[in-house]
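Trainee:
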Amino acid sequence: MNRFFKIALLCLLIISMVSCSSENSSSYVLEKAKERRESQDEKTLFRDFFKNDEKAENQNKIVNIEEKNEVTEEFFDRSFKLVFFGDSLTQGVGDESGKGGFTSSVKDYYEGKPYIDNVSITNLGVRGNRTNHLLKRLEDPEVQEALAEADVIFMTVGGNDLMKVIRENFLDLNFSLFDKEQKLYADRLDSVIGEVRTHNDSSRLYLVGLFNPFYQFFQEIDEMNQVVTNWNETTISVLDEYPNTAYVPIQDIFVDPEVNLLDDDQFHPNQKGYELIGSNIISEIMRFNEESTTDEMLEE
């Protein structure tokens, strides 16, 4: 009996231990399962968080792209405005092609630039204009507006000032007359450039020089060539007082040309003459750009 009781007690103890062990094992498994579930939930939360964060980032990228697409076309405006102001050379008198003299060559040059899509021209050339006429025309609001909007300005003036001396003193021409008028011309030209700069103080300005239209028929009159040279030097001295300006020489074009470069009036250039003037202007543009500083190039 005692032996049976001991066996029964041992069995009860074993069952109890197994039961406890099973319960403990079950609890452990349940606890681990719970931890795994909680861990899984956390991973899901983190995954969802990063997914949402990535989604938000992608959404921001889309918004940014859309915002960039909404930038106005004016921001990327690549148009270019050329304004030509002056006398009959600007107007293109004598050009039998009707293309406007040298202005068409200059326009073609700028249209060949890959960073320019559209080149517009405003031609303010008027036959017979002298420096005093340009000063008067600069009072016109339309002229002022055109100059203010110009990306580059080209001018011709001085030829009619010089011709005025010849016409008024044809029978008594001498150096002193030209010298006297040359000084007055310098003062008027300075006033013209100064007034132009009040309406546009940043755009580049090119001023085309004078040539001797009488050379072809009066080559023996060296004095006339010297007068033209002196007046051109006066023009250069005035331009030296203004930044971002350049002088375009054309006098040599009409000295001993291989072909006729004058119109039937024997005073204005013909189509070929204007093409050569245009080539000199383009050469000066290229030279001036090469000598410009980086800051000046960025401002152009």
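Each position in the sequence shown, counted from 1, maps to that position plus 21 in the working numbering.
Note that CB positions come from ideal geometry on N, CA and C, so glycine has one too.
Only a predicted model underlies this, so the values are computations on that prediction, with no experimental measurement involved.
1) Should the stretch 167 to 181 be called in touch with the stretch 212 to 222, which here means at least 3 C-beta pairs below 8 Å?
2) Return the chain-ordered list of same chain residues with a C-beta closer than 6 Å to the C-beta of L159, the five sequence neighbours on each side being excluded.
3) For V84 and D138, I'd like the C-alpha separation in whole angstroms.
4) Looking at the secondary structure, which residues open and close the alpha helix (DSSP H) in which S141 lies?
5) From F196 to P234, what distance separates their C-alpha atoms?
6) For M307, which residues of its own chain have a beta-carbon under 6 Å away from its beta-carbon, when the five flanking residues on both sides are left out?
7) Considering Cα atoms alone, identify which of N265, A267 and I274 is closest to N246.
8) Judging by CA-CA distance, which residue of F232, L145 and V173 is the nearest neighbour of D161?
9) If distances are taken between C-alpha atoms only, which option among F309, W252, D277 and N310 comes closest to G294?
10) Is V114 helix, strand or coil by DSSP?
11) Short check: CB of F309 to CB of I271, under 7 Å?
12) For the beta strand (DSSP E) that G107 lies in, which residues bound it at each end?
13) Flag this pair as yes or no: are the beta carbons of I303 and V269 separated by less than 7 Å?
14) Given a cut-off of 7 Å on the beta-carbon distance, is the pair N178 and D284 in contact?
15) What would DSSP say about I271, mapped onto helix, strand or coil?
16) At the level of alpha carbons, what is the spacing between L226 and T256?
17) Assuming L260 and L282 are in contact, meaning their beta carbons sit under 8 Å apart, how far apart are those beta carbons, in whole angstroms?
18) To the nearest angstrom, how far is the alpha carbon of L103 from that of M176?
19) Per DSSP, M176 is paired with what?
20) Check whether the Cβ atoms of F123 and G299 lie closer than 7 Å to each other.
21) Is Q112 buried or exposed, if buried means 16 or more other CB atoms sit within 10 Å of its CB?
22) Considering only the beta carbon of each residue, do V147 and H289 sit closer than 7 Å?
23) Closest to E262 by C-alpha separation, out of M184, Y130, I214 and I242, would be which residue?
24) How should Y206 be labelled, buried or exposed, when 16 other C-beta atoms within 10 angstroms of its C-beta is the threshold for buried?
25) Would a check of beta-carbon distances place S109 closer than 7 Å to chain E?
26) Where does the unbroken alpha helix (DSSP H) through G294 begin, and where does it stop?
27) If we require 4 or more residues per run, which alpha helix (DSSP H) segments fall completely within the stretch 184 to 254?
Mentor: Put simply:
1) Taking one beta carbon from each stretch, the stretch 167 to 181 and the stretch 212 to 222 have 3 or more pairs nearer than 8 Å; the two touch.
2) Cβ within range, chain order: E216.
3) Residue confidence for V84 is low, a pLDDT of 46 falling below 50, so the modelled location carries little weight; the figure read from the coordinates is stated next. About 29 Å.
4) First-last for S141: N139 to G146, but that is the beta strand (DSSP E), not the alpha helix (DSSP H).
5) The straight-line gap separating the alpha-carbon atoms of F196 and P234 is approximately 18 Å.
6) The answer is none, since no qualifying residue turns up.
7) Among N265, A267 and I274, the Cα nearest to that of N246 belongs to I274.
8) It is L145.
9) By alpha-carbon distance to G294, the top candidate from F309, W252, D277 and N310 is D277.
10) Three-state DSSP puts V114 in coil, outside helix and strand.
11) Judged by beta-carbon spacing, I271 lies beyond the 7 Å limit of F309, meaning their Cβ atoms are not closer than that value.
12) DSSP places G107 in the uninterrupted beta strand (DSSP E) bounded by S100 to G107.
13) Between I303 and V269, the C-beta gap is not smaller than 7 Å, which leaves the two residues out of contact.
14) Rather than Asn, the amino acid found at residue 178 in this sequence is Val. Not a contact, by the Cβ cut-off of 7 Å.
15) Coil.
16) Cα to Cα, the separation comes out at about 13 Å.
17) About 25 Å separates the two Cβ atoms, so there is no contact after all.
18) When rounded, the distance between both Cα atoms is 11 Å.
19) DSSP output for M176 lists F106 and L228 as bridge partner(s).
20) Between F123 and G299, the gap from beta carbon to beta carbon is short of 7 Å.
21) The residue in question, Q112, is buried, as its Cβ has 16 or more Cβ neighbours within 10 Å.
22) The Cβ-Cβ distance between V147 and H289 does not fall below 7 Å.
23) For the residues M184, Y130, I214 and I242, the minimum Cα distance to E262 belongs to I214.
24) Result: buried.
25) The displayed structure is made up of one protein chain only, and chain E is not part of it.
26) In the DSSP annotation of this structure, the continuous segment of the alpha helix (DSSP H) that includes G294 starts and ends at Q292 to E312.
27) Annotation note: the stretch 184 to 254 contains the following uninterrupted alpha helix (DSSP H) runs of length 4 or greater, listed N- to C-terminal: 196 to 220.
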